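*Asks:* In the working numbering, the protein residues as written are 91 to 265.
From the three backbone atoms N, C-alpha and C, an ideal C-beta is built for every residue, glycine too.
Everything numeric in this text was worked out from a predicted model, so none of it was measured.
1) Put residue 220 into one of helix, strand or coil per three-state DSSP.
2) Helix, strand or coil: which one does DSSP assign to residue 137?
3) Whose CA, out of 184, 230, 99, 94, lies closest to the CA of residue 131?
4) On the CB-based measure, 16 or more other CB atoms within 10 Å of its CB, does residue 147 come out buried or exposed?
5) Given that a residue counts as buried once 16 or more other Cβ atoms are within 10 Å of its Cβ, and exposed if not, what is residue 210?
6) Check each candidate in 207, 232, 94, 218 and name the one with the smallest Cα separation from residue 250.
7) Would you mind sorting residue 216 into buried or exposed? The rule is 16 or more other CB atoms within 10 Å of its CB.
8) Would you kindly work out how many angstroms separate the C-alpha atoms of residue 213 and residue 244, rounded to a whole number?
9) Tell me whether the beta-carbon of residue 106 lies closer than 7 Å to the beta-carbon of residue 118.
10) To the nearest whole angstrom, what separates the beta carbons of residue 182 and residue 164, a pair I think is in contact under 8 Å?
Now the structure itself:
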């Protein structure tokens, strides 16, 4: 099915909704800082198609840069730490894609020590490969591809729903 999605602006963490208004992702990140951002604070805009279970190749072919595994670690960190400040995550994502070109996104939150602490914890986690097995087996990455080439593509993730463990019940009745 070719579902179409729309997104709000950063004030709503670029929340993605389907055509009928159902939330598809509570938050997403813009993938290219130089492109137009979707939405306003009151309205979701844009036309997006969804690429589920994005791989390193689909990430790259949709304009994603940087080390895909590091990017996945950051998305995972956000899922495990929902209180992580959205701007910290978005800026660090731009920075991790290309820290030479996107140096300006290496934001110094000197006025807000709490945000500096969050940035350091996020960056440290992004560098730590010890969680990769868990990330690769429990998290799914989505890319929302804009139908307008001047508009940002978006990236998000969710934890896979693991099937509930089934307990075998033995019947006391003879068959």
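*Replies:* Straight from the coordinates:
1) Of the three classes helix, strand and coil, the one that applies to residue 220 here is helix, per DSSP.
2) Strand.
3) Of the listed residues, the one whose Cα sits closest to residue 131 is 99.
4) The residue is exposed, with fewer than 16 neighbouring Cβ atoms inside 10 Å.
5) Result: exposed.
6) Per the C-alpha coordinates, the member of 207, 232, 94, 218 positioned closest to residue 250 is 232.
7) Under this definition residue 216 is a buried residue.
8) C-alpha separation (whole angstroms): 20 Å.
9) The Cβ-Cβ distance between residue 106 and residue 118 falls below 7 Å.
10) Contact flag correct, Cβ pair sits at about 7 Å.
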